[in-house]
Amino acid sequence: MSTLLEKSRSQNAPLPSGKDKMVGIVVSEWNTPVTESLLKGAIDTLIAAGMREDDIIVEYVPGTVELTFGAKVLIEETLVHAVIVLGCVIQGETRHFDYVCDSVTQGVTKLNLNYPTPVIFGVLTTNNQEQAEARAGGTHGNKGEDCAIAALKMIDLQQKYII
87 MSTLLEKSRS QNAPLPSGKD KMVGIVVSEW NTPVTESLLK GAIDTLIAAG
137 MREDDIIVEY VPGTVELTFG AKVLIEETLV HAVIVLGCVI QGETRHFDYV
187 CDSVTQGVTK LNLNYPTPVI FGVLTTNNQE QAEARAGGTH GNKGEDCAIA
237 ALKMIDLQQK YII
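Position in the sequence shown counted from 1, then plus 86, gives you the working numbering.
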């Protein structure tokens, strides 16, 4: 969604509470200044929604392709209600960008279809460093915050239908 359209989007419902919820966040070690800013935005938003810091599990993986495996481990080995994956892939001179972006996108989609735990896609795919910084706490906000909001909303959606 374009940033201009996103800013005009209205909030359909109030932000669900993070009280008594547990969220896992898997963070790529690649492009660390950007991913750490996304992580801070996500954690700050979850805590502001009532989640305890102890109920946020943060794990690091070497790169963006590894995010899906990290998410799978958290889903299978912890009691998280949702997982957020955070990464940043910046276009370079080779097609590596395309392969990495496709891999993580398909991986997150498969996790969402095969597991009952929502996995939130928080991977920036930008043309340059400036665009990444603008979306990690700069002029276009912090996509980590958006991911935390999405996680809370998806947990709330799922819990409406648990018998």
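Even for Gly, the Cβ is constructed at its ideal location relative to N, Cα and C.
{"Item": "Three CB pairs or more closer than 8 angstroms across the stretch 231 to 247 and the stretch 203 to 213", "Value": "yes"}
{"Item": "Cβ neighbours of D141 in the same chain (closer than 6 angstroms, five flanking residues each side left out)", "Value": "M108"}
{"Item": "For N228, three-class secondary structure by DSSP", "Value": "strand"}
{"Item": "Residue from G227, I176, A157 and T164 with nearest C-alpha to V194", "Value": "A157"}
{"Item": "Exposed unless 16 or more other CB atoms sit within 10 angstroms - verdict on K105", "Value": "exposed"}
{"Item": "Separation of L132 from G110, as counted between CA atoms", "Value": "11 angstroms"}
{"Item": "Identified DSSP bridge partners for M114", "Value": "The question names Met, but residue 114 is Ser in the sequence shown. V147."}
{"Item": "Per-residue DSSP class, three states only, for G136", "Value": "coil"}
{"Item": "T89 to A168 span [Cα, whole Å]", "Value": "Legend: pLDDT at T89 = 45, less than 50; position of this residue unreliable, value from coordinates given subsequently. Cα-Cα distance, rounded: 25 angstroms."}
{"Item": "Beta-carbon spacing of E145, V112 below 7 angstroms", "Value": "yes"}
{"Item": "Inter-residue CB distance, I129 and V166 (contact presumed, cutoff 8 angstroms)", "Value": "Wrong, their Cβ atoms sit about 14 angstroms apart, outside the cutoff."}
{"Item": "A134 burial status per 10 Å Cβ neighbour count (16 or more: buried)", "Value": "exposed"}
{"Item": "Boundaries of the alpha helix (DSSP H) in which T195 is found, first to last residue", "Value": "H182 to N200"}
{"Item": "Unbroken beta strand (DSSP E) run spanning G104, endpoints", "Value": "Element bounds for G104: n/a, residue is neither H nor E."}
{"Item": "Supposed close pair Y201, I170 - CB separation, criterion 8 angstroms", "Value": "With 8 angstroms as the limit, Y201 and I170 do not qualify as a contact, their Cβ atoms being about 14 angstroms apart."}
{"Item": "Bounding residues of the alpha helix (DSSP H) (the contiguous stretch that carries G156)", "Value": "L153 to E163"}
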